[in-house]
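Numbered as in the working numbering, the sequence shown ends at 183 without a single skipped number. Here is the structure we will look at, set down as structure tokens.
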Amino acid sequence: MKRRCGMKKQAIHDRGLITGDFPLTLFPTRGNSAVPEQSFLHREKRRMPIHTRRAYPRTYRKSPIRFKASGATHYRKAILCNESAGGLCFETDTPLFPGTVIHVIMDDHGQAKTAPEPGEWDAEVRWCRRVGRYPKRFSIGARFYNKVRCLM
32 MKRRCGMKKQ
42 AIHDRGLITG
52 DFPLTLFPTR
62 GNSAVPEQSF
72 LHREKRRMPI
82 HTRRAYPRTY
92 RKSPIRFKAS
102 GATHYRKAIL
112 CNESAGGLCF
122 ETDTPLFPGT
132 VIHVIMDDHG
142 QAKTAPEPGE
152 WDAEVRWCRR
162 VGRYPKRFSI
172 GARFYNKVRC
182 LM
């Protein structure tokens, strides 16, 4: 039985794909139509091609950065976890909602060719997750959309 995406189930698992969250309605299990009881609230781990998850290669490093949400008066400290030309991931003690616009200052530059230069960036928060069992530690992913100033 073929899936809606045109690939057989076994072919999906055999092509060196990684695991990701997908709604079951994208991969119906009965016939060619989605099963009504399978909605976007019911999710299952599915495999996803690597090229659809990352537009730029990531550089993993720990480095201090500063950020502030739009409308805030002071900067907060954070630890950069990884970065690319398209965005960054950092850990902080302040949760931020997805869609929040933040201003990021990176004083140190990345080692990879695709890493952003040191400077000030505007970014949009894409996701926020609690880190492990720490009640006041959050991992935040943000996408760059505007370079404000270069510090070099």
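Even glycine gets a Cβ: it sits at the ideal position worked out from N, Cα and C.
Around the Cβ of residue i, are there at least 16 other Cβ atoms within 10 angstroms (buried) or fewer (exposed)?
i: G118; result: buried
i: L57; result: Legend: pLDDT at L57 = 43, less than 50; position of this residue unreliable, value from coordinates given subsequently. Classification of L57: exposed, given that the 10 Å Cβ count is below 16.
i: T60; result: Here the model assigns T60 a pLDDT of 45, short of 50, so the residue's position is not dependable and the matter cannot be decided.
i: S115; result: buried
i: A109; result: buried
i: K167; result: exposed
i: N177; result: exposed
Taking residue i as part of the beta strand (DSSP E), name the residues at either end of that continuous run.
i: V116; result: Reading off the sequence, residue 116 comes out as Ala, not Val. Per DSSP, A116 belongs to no beta strand (DSSP E) and is neither H nor E.
i: D153; result: G150 to R161
i: P95; result: T90 to A100
i: P134; result: According to the sequence shown, residue 134 is His rather than Pro. Start and end: V132 to M137.
If residue i sits next to residue j, beta carbons under 8 Å apart, how far is it from one beta carbon to the other, in whole angstroms?
i: L111; j: K99; result: No, L111 and K99 are not in contact; Cβ-Cβ is about 15 Å, not under 8 Å.
When the Cα of residue i is compared with those of the options, which residue comes out closest?
i: G163; options: V135, T131 and E122; result: E122
i: R160; options: A173, E114 and P95; result: A173
i: S101; options: Y91, N113 and A154; result: A154
i: T90; options: H105, T104 and C120; result: C120
i: D138; options: P95, S170 and P88; result: P95
i: P88; options: N113, P166, G150 and P149; result: N113
i: G150; options: T104, H105 and F175; result: F175
i: S170; options: L127, A103 and H105; result: L127
Less than 7 Å separating the beta-carbons of residue i and residue j?
i: P129; j: W152; result: no
i: R97; j: I136; result: yes
i: T125; j: V156; result: no
Compare the C-beta of residue i against all C-beta atoms of chain C and say whether one is closer than 7 Å.
i: P88; result: Protein chain content of the structure displayed is limited to a single chain, and chain C is not contained in it.
Indicate, with yes or no, if the ligand FMN has a heavy atom lying under 6 Å from the CB of residue i.
i: L127; result: The model on display carries no ligand, and the ligand FMN is accordingly not part of it.
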